[in-house]
Amino acid sequence: MDDRMVKPMALALAAAERAAAAGEVPVGAVLIDASGAVLAQTANRVEALADPTAHAELLALREGARLRGRPILDDCDLYVTLEPCAMCAGAIALVRVRRLYFGASDPKGGAVEHGPRFFQQPTCHHRPDVYGGIDATRAGELLRRFFADRR
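Every number in our numbering is 32 more than the matching position in the sequence shown, counting from 1.
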């Protein structure tokens with residue numbers, strides 16, 4: 033595994049841990065540009081914002097677009113601790129993220145390798161390069177612990 037992949041995912045996992053401590057589902061995201069500079073480090077804020085769309089991925093993409101002053105982020109890579117859902121996969125395609133790296137797979141709610149397999153649909157106009165399983169054990173354990181504590 034390339035060291036460039038480890039650092040952004042470590043940042044995303046740190047954001048996910050902060051989300052868990054705040055009572056949010058522990059998903060973190062990091063958006064980096066082509067030089068490897070971090071444009072956004074975010075985590076789920078659904079509860080804090082009372083916004084069902086405040087997923088880590090969307091917050092990172094919004095911040096990246098705001099910083100860039102444009103809605104297309106085709107030279108950026110997105111690191112997420114959990115396989116994106118259909119809503120987030122749609123946003124990733126719309127902003128034309130270059131590469132998507134994710135940690136744990138999500139057989140129930142994921143839309144990249146599971147469910148609708150969004151990027152494989154003929155109606156999907158942009159398909160990022162996708163790399164799953166990055167630090168998947170740590171990401172999955174964080175989620176399992178979070179939900180076990182709530183049962």
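Even glycine gets a Cβ: it sits at the ideal position worked out from N, Cα and C. Small disclaimer: the values here were computed from a predicted structure and weren't measured.
- Item | Between the CA atoms of ILE124 and LEU114 - distance to the nearest angstrom | 14 Å
- Message: Between which residues of its own chain and GLU95 is the CB-CB distance below 6 Å, once the five residues before and five after are set aside?
- Response: ALA72
- Task: Count the other C-beta atoms from every protein chain shown that fall within 10 angstroms of the C-beta of ASP138, then say buried if there are 16 or more, exposed otherwise.
- Result: buried
- Query: In whole angstroms, what is the alpha-carbon distance linking GLN153 and PHE178?
  - Reply: 32 Å
- Quick one: which unbroken beta strand (DSSP E) runs of 3-plus residues sit fully inside the stretch 122-168? Chain order, please. With a minimum length of 3 residues, the continuous beta strand (DSSP E) runs that stay inside the stretch 122-168 are 131-136, 161-163.
- Task: Tell me whether the beta-carbon of TYR63 lies closer than 8 Å to the beta-carbon of LEU90.
- Result: This sequence places Leu at residue 63; Tyr is not what is there. Against a cut-off of 8 Å, the Cβ pair of LEU90 and LEU63 comes out as no contact.
- Task: Kindly examine the ligand GDP and report whether one of its heavy atoms sits closer than 7 Å to the Cβ of HIS157.
- Result: The ligand GDP is not part of this structure, which contains no ligands at all.
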